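A quick write-up on the structure given underneath.
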Ligand code: KG4
């Protein structure tokens, strides 16, 4: 089954062609980093406009690079939630038009489910059930992937996402945008014990996460240092921040993997590119006899191939939408709360 898929939920415009879920025939992604770097963060209005300009040429490229014709497309899959609403709407409207013009089914895909599915592309042997740690610019959660379309969110952030914490820290420290990858690079030659940063626990659910205290701690460190005219060691601070985020996420992911007993743990989302968290997860998984699934860096960030992959499994489960499909800014990937 050939699926044409589209993704525009934040600052990447991506169109892909996949076959039977896991085979990627093309995956064309254009980043808006240059546009937003000027402002130190994503400007929603600029993101929407840029998606509108980029999506049709990316679709033509994706079809050409896949070596198929439009007549070969069996279905169109699209991220319909969550994300910046004006941005999500661009791919949703593109997909509705494409599905109508090609007379094929339209498949709505939840963005986080797509991130989880990136692991199926990277690992042909991976199939549910498994536990997935998801960390991106907008989400941080531990998901019980009971089936391809049957998911339970065990815990999630009550405030900021891990990526948001990295990006905000990078901004106040003047490291640039987007900050996560640069903090990761700085951390490689830093001392993770130099700055004492908080590891929050949340009452009520051991799997819930909070990063707002950590984010504020870094902002306060930066402001205090500026007031006193002191210089922070950016390598040490980046390493200390990565260690704090890693401790918070890895302990919860391990506890969940051990409690559910599937023996399999995957890591998904833009923050899954982080080298400190990846190596801590490898270490802990090894100690606990859990098989760990990490994706190559190009599949960690937003891309349409992961949407096509998850779209295939949603389609097999009977999930399709008509032209009334709407976009949603917020929605849980949990099967109990997901709606179209
Ligand atoms: O999944 P993604 O591309 O977009 C969302 O769906 O949110 O994630 C983007 C986030 C940004 O916050 C970015 O700073 C972060 O992923 N990120 C990283 C790294 N690479 C990207 N964070 C930590 N370490 C990295 N190497």
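Residue numbers (the numbering used here): 347 to 686. Quick reminder that beta carbons are idealized off the backbone N, C-alpha and C, glycines included. None of these values were measured; they are calculated from a predicted model.
Residue j beta carbon less than 8 angstroms from that of residue i
i	j	result
residue 474	residue 501	no
residue 592	residue 623	yes
residue 536	residue 584	yes
residue 429	residue 546	no
residue 617	residue 526	yes
residue 363	residue 412	yes
residue 408	residue 361	yes
residue 654	residue 349	yes
residue 602	residue 636	no
residue 468	residue 642	yes
residue 387	residue 523	yes
residue 558	residue 506	yes
residue 614	residue 462	yes
residue 561	residue 515	yes
residue 548	residue 504	yes
residue 589	residue 538	yes
For residue i, three-class secondary structure by DSSP
i	result
residue 426	strand
residue 597	helix
residue 507	coil
residue 514	helix
residue 365	strand
residue 501	strand
residue 440	helix
residue 418	helix
residue 578	coil
residue 631	helix
residue 485	coil
residue 403	helix
residue 538	coil
residue 549	coil
residue 668	coil
residue 351	strand
residue 572	helix
residue 591	helix
residue 461	helix
residue 612	strand
residue 358	strand
residue 380	helix
residue 375	strand
residue 473	coil
residue 397	helix
residue 638	strand
Reference residue i, options the options, closest by Cα
i	options	result
residue 376	427, 401, 445 and 624	401
residue 621	607, 587, 445 and 477	587
residue 427	541, 574, 420 and 437	437
residue 596	676, 508, 470 and 497	508
residue 446	458, 470 and 421	421
residue 629	642, 611 and 645	611
residue 369	673, 681, 669 and 658	658
residue 608	488, 476, 456 and 471	476
residue 457	648, 560, 499 and 384	648
residue 532	348, 676 and 581	581
residue 352	651, 682, 681 and 676	651
residue 673	512, 405 and 442	442
residue 684	541, 559 and 495	495
residue 600	479, 520, 578 and 643	479
residue 435	405, 398 and 521	398
residue 565	613, 484, 488 and 519	519
residue 541	549, 563, 534 and 598	563
residue 490	605, 431 and 357	605
residue 670	682, 686, 681 and 419	686
residue 444	419, 528, 431 and 530	419
Residue i, buried or exposed, once every other Cβ within 10 Å from all chains shown has been counted against 16
i	result
residue 359	buried
residue 662	exposed
residue 626	buried
residue 510	buried
residue 378	buried
residue 689	What is shown of the chain runs 347 to 686, which leaves residue 689 out entirely.
residue 454	buried
residue 645	buried
residue 676	exposed
residue 660	buried
residue 372	buried
residue 689	The requested residue 689 does not occur in the structure, where the chain is confined to residues 347 to 686.
residue 486	buried
residue 460	buried
residue 570	exposed
residue 385	exposed
residue 415	exposed
residue 687	Because residue 687 is not part of the residues shown, which for the chain are 347 to 686, the question remains open.
residue 383	exposed
residue 534	exposed
Any non-hydrogen atom of the ligand FMN closer than 7 angstroms to residue i Cβ
i	result
residue 462	Among the ligands modelled here, namely the ligand KG4, the ligand FMN does not occur.
Any residue with its C-beta under 6 angstroms from a non-hydrogen atom of the ligand KG4 counts. Can you list them all in chain order? 356, 482, 483, 484, 509, 512, 513, 524, 525, 526, 527, 530, 615, 616, 617, 619, 620, 647 and 648
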